[in-house]
Amino acid sequence: MKICIYGIGAIGGLMAARLVQAGYDVSAVARGATLESLQKNGLQFYPAGSDTVQSYPIKASQSPAELGVQDIVIIAVKTTGLQDIATNIAPLIGPDTTILSAMNGIPWWFFHGLEHENGTLKLDSVDPEEVISKHIPASQVIGCVTHLSATTPSSGSVKHIAGNHLIIGEPNGTQTPRLKQLCKILEKAGFEVENTSCIQKDIWFKLWGNMTMNPVSAITGAKSDHILEDRYVRDFMSRIMQEAATVGARIGLPIEADPEQRHQVTYKLGSFKTSMLQDAEAGKPLELDALVTSVAEIAHQLEVSIPWTESLLGISRLQAKTRGLYQY
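Be aware that the sequence shown starts at 18, since it is given in our numbering, and climbs by one per residue.
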């Protein structure tokens with residue numbers, strides 16, 4: 018069983034370490050300092066609650082062709098870099114390769130197999146000119162929603178913070194042999210795996226919280242608790258979430274909670290910097306399209322009014338563009 022991780026960041030690194038521990042043949046596509054560290058030191062892994070590092074040899078290359086066709090490819094990169102990756106990933110993918118998509122926000126394959134009554138909906142914001150769709154077949158994709166946190170203390174290292182839950186499912190909701198096999202592989206690697214019949218619903222629910230907290234944190238520079246303690250900002254976020262819930266209901270993905278319940282869950286997690294705030298501070302491109310622009314695009318096609326979401330999107334992308342972190 019050959020498994021390749023495309024993107025050794027926090028999530029990709031954690032999955033790689035766990036899969037190596039479980040005895041699988043794991044490789045990675047990486048570049049720059051991460052590639053150099055992996056080749057020199059192996060993958061450096063800090064388990065949750067421990068400061069003792071575990072080192073795992075892992076074959077790493079910048080060239081997918083050097084690694085060859087895989088049984089499973091796990092894509093765990095920022096969505097901002099996915100178009101470039103799509104044009105290079107072909108050597109890893111054979112006709113029987115399973116592709117696990119473990120990224121933030123709305124993925125390019127979101128409407129593949131999703132039944133709703135609104136005809137064909139486009140996602141130009143996340144897949145302009147369908148470049149990704151042409152190179153990464155949606156028919157070979159299994160979706161994944163991660164409920165865990167990890168950090169990268171340095172290039173080629175990952176520290177597990179908390180959480181162990183993965184939700185995976187076929188885009189068309191069927192129970193296939195490859196889905197059941199992947200569940201077993203991830204369970205053997207120590208993850209708590211939930212097999213869902215509607216992965217899009219789980220993606221939308223996670224997005225429902227992330228699409229506000231992430232950009233607001235990037236704009237303000239504030240941690241999660243400070244954001245939620247400001248009643249005006251909290252109300253602003255709630256209004257956006259209500260709009261997103263309306264959009265979700267129109268595509269058959271209702272939200273069975275209210276914004277205040279979600280705020281309480283987030284608040285109990287304590288004070289933390291969102292991934293988008295960390296990216297902003299590091300001068301990295303922001304994942305606004307997968308988290309916010311995509312929701313606006315769907316709403317506009319459905320003619321759903323979303324003034325609060327549009328306000329957030331406008332302010333977020335202008336601020337990011339001014340800092341050189343976003344283009345439109």
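Yeah, the Cβ is synthetic: ideal placement off N, Cα and C, and Gly gets one too.
Whether residue i touches residue j by CB criterion (9 angstroms)
i, j, result
"M230", "A119", "no"
"P188", "I149", "no"
"N212", "G186", "yes"
"L224", "I159", "no"
"G59", "S44", "no"
"H129", "A107", "no"
"L117", "V90", "yes"
"S303", "A235", "Ser is not the amino acid found at residue 303; the sequence shown has Leu there. Going by C-beta atoms, L303 is nearer than 9 angstroms to A235."
"I272", "M258", "yes"
"N181", "L196", "no"
"Q318", "N135", "yes"
"V162", "I220", "yes"
"I268", "L183", "no"
Paired residues, beta bridge with residue i - DSSP
i, result
"E327", "E327 is not bridged to any residue."
"G160", "S118 and G186"
"V210", "L183"
"L176", "Before going further, note that residue 176 is Lys rather than Leu in the sequence given. According to DSSP, which records beta bridges pairwise, K176 is partnered with Y63 and T168."
"A360", "The question about residue 360 has no answer here: the residues shown for the chain are numbered 18 through 345."
"S72", "Q61"
"V90", "C21 and I116"
Contact belief for residue i with residue j at Cβ below 8 angstroms, rounded distance in angstroms
i, j, result
"D144", "T114", "Their Cβ separation, rounded to whole angstroms, is 20 angstroms, which puts D144 and T114 out of contact at 8 angstroms."
"G283", "L245", "According to the sequence provided, residue 283 is Thr. The question's Gly does not apply to it. So it is a contact: roughly 7 angstroms between Cβ atoms."
"V37", "C21", "Between C21 and V37 the Cβ distance is about 12 angstroms, and since that is not below 8 angstroms, they are no contact."
"A77", "L99", "Rounded, the Cβ-Cβ distance is 20 angstroms, inconsistent with contact."
Best match in the options for proximity to residue i [C-alpha to C-alpha]
i, options, result
"S174", "D141, R267, H133 and P74", "P74"
"L329", "G300, L245, E246 and V233", "V233"
"Q278", "N135, A103, A179 and D252", "D252"
"E83", "I315, L99 and L109", "L109"
"G341", "E327, V312 and G300", "G300"
"I178", "T339, K338 and G30", "G30"
"A27", "N121, T69 and S80", "N121"
"R256", "G265, I323 and P302", "I323"
"H133", "A274, T310 and L270", "L270"
"R334", "Q318, L305 and L319", "L305"
"D141", "I315, S288 and G265", "I315"
"W126", "S311, K338, Q344 and V321", "S311"
"G331", "V321, E320 and Y343", "Y343"
"V70", "E260, S171 and R248", "S171"
"Q295", "L55, T237 and E320", "T237"
"S289", "D242, T339 and K57", "For the sequence presented, residue 289 should be read as Phe rather than Ser. Of the candidates D242, T339 and K57, the one whose C-alpha sits nearest the C-alpha of F289 is D242."
"T193", "S214, L183, P112 and K176", "S214"
"A261", "W325, Y249 and T51", "W325"
"Q61", "I268, H152, T168 and S292", "T168"
"G66", "K176, G111 and A34", "K176"
"H152", "G111, Y345 and Q281", "G111"
"I123", "Y345, A274, G265 and P276", "G265"
"T339", "V321, E320, A313 and A297", "A297"
"Y41", "Y249, E53, L131 and L203", "L203"
"A14", "K218, M18, G24 and T51", "Any question about residue 14 goes unanswered here, given that the chain covers just 18 to 345."
"S80", "R267, Y345 and G24", "G24"
"P276", "S292, G287, D68 and V250", "V250"
"R35", "A50, P64 and K57", "P64"
"E327", "L138, A313 and E320", "A313"
"K218", "D247, A274, R248 and K201", "A274"
"D247", "T263, E53 and H280", "H280"
"A337", "M293, E320 and T263", "M293"
Contact test: residue i Cβ vs the ligand MN heavy atom, cutoff 8 angstroms
i, result
"P194", "No copy of the ligand MN appears in this structure; indeed no ligand is present at all."
Do the stretch 204-222 and the stretch 81-101 touch if we need at least three Cβ pairs shorter than 8 angstroms? no
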